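Numbering (full-length UniProt numbering), first residue to last: 1 to 322. Worksheet: one structure, shown below.
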């Protein structure tokens, strides 16, 4: 028994495609036993058994394993006993990535072939965008990014026209960035970004413009006017605060000088008993001391003598002169 199929031992295929793993065989004249064909997934652990997928024995095809995985596998030929035991897988998914073995046995002959399969996702359509103001004389960056696809992904930029990239341009194939240090009108135009992996490619395009920078004099004048306006507003604000504080202080000072009647005047005290008692006594008679009409005559001998003046005294008890 000899398996005659040839080809790469490792295959990389895109998700969703159909694949046929070849397993053609030629029995020897001495192989007289019953034909037995097996397709299995080789276990990475050598201590574990391989997982059987398909088998052909005594003219009958058997599908092994769970139904979800078994639906994708079948013999490519209607009759595997005619020398073609190839197996087809459709549609491919990342779950199909494994090492497969085709084993053909017809006693006493036996032979086998192993093939490793890697199922990858194609790159999704990338998104292109520009970072920077696209101003002449300034730096500008073109970005390209694919949201899906099996790694590694490789990005490449080119001009949609036949012209080469600008001399001041550098690109990063891993990040997908194309950076132009000194943008100019000659750099403007349509650019194409292509992303690739082992099983597919996708691309996007973008139009790079060349804008003239704004007038610097106008920008400077605008900055100066804005600064002056800001200073003016600050001064007005400070003046309002100062005026507010001055008005409050003047009001407090005027309010403190106001005469206020805090309490009513005290009531008059009643007349004491002593005063009442004094008023009930008879008022004594008084006479004028030293009056010329008091009825007395002075002798001539007393003309040279100045009479003594009698100063009325106040009674300490009643407050009357005596």
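Note that beta-carbon positions come from the ideal geometry of N, C-alpha and C, so glycine has one too. Since the model is a prediction, treat every value here as computed from it, not as a measurement.
query = Looking at C-beta atoms only, is the number of pairs between the stretch 22-35 and the stretch 105-120 that lie closer than 8 Å three or more?
reply = yes
Length-filtered (3 minimum) beta strand (DSSP E) runs lying within the UniProt domain "Ig-like" (1-116) = 10-14, 19-21, 35-41, 51-57, 60-63, 73-75, 87-89 and 98-106
query = Does the count of Cβ pairs from the stretch 139-153 and the stretch 117-124 closer than 8 Å reach three?
reply = yes
task = Express the C-alpha separation of residue 17 and residue 72 in angstroms, rounding to a whole number.
result = 11 Å
message = What would DSSP say about residue 154, mapped onto helix, strand or coil?
response = strand
key: Within 8 Å, strictly: CB atoms of residue 53 and residue 42   = no
inquiry  = Among the candidates 101, 204, 21 and 5, whose CA atom is the shortest distance from the CA of residue 192?
reply    = 204
query = Taking Cβ positions, are residue 135 and residue 182 nearer each other than 8 Å?
reply = no
message = Taking the beta carbon of residue 96 as the centre, do at least 16 other beta carbons fall within 10 Å, making it buried, or is it exposed?
response = buried
ask   = What is the DSSP secondary structure of residue 236, counted as helix, strand or coil?
value = helix
query = Whose CA, out of 235, 61, 13 and 179, lies closest to the CA of residue 131?
reply = 179
Straight-line Cα distance separating residue 133 from residue 233 = 33 Å
ask   = Taking the alpha-carbon positions, what's the residue 4 to residue 59 distance?
value = 22 Å
inquiry  = residue 198 and residue 9 - do their beta-carbons sit closer together than 8 Å?
reply    = no
query = So residue 141 is in the beta strand (DSSP E); what residue range does that whole segment cover?
reply = 140-145
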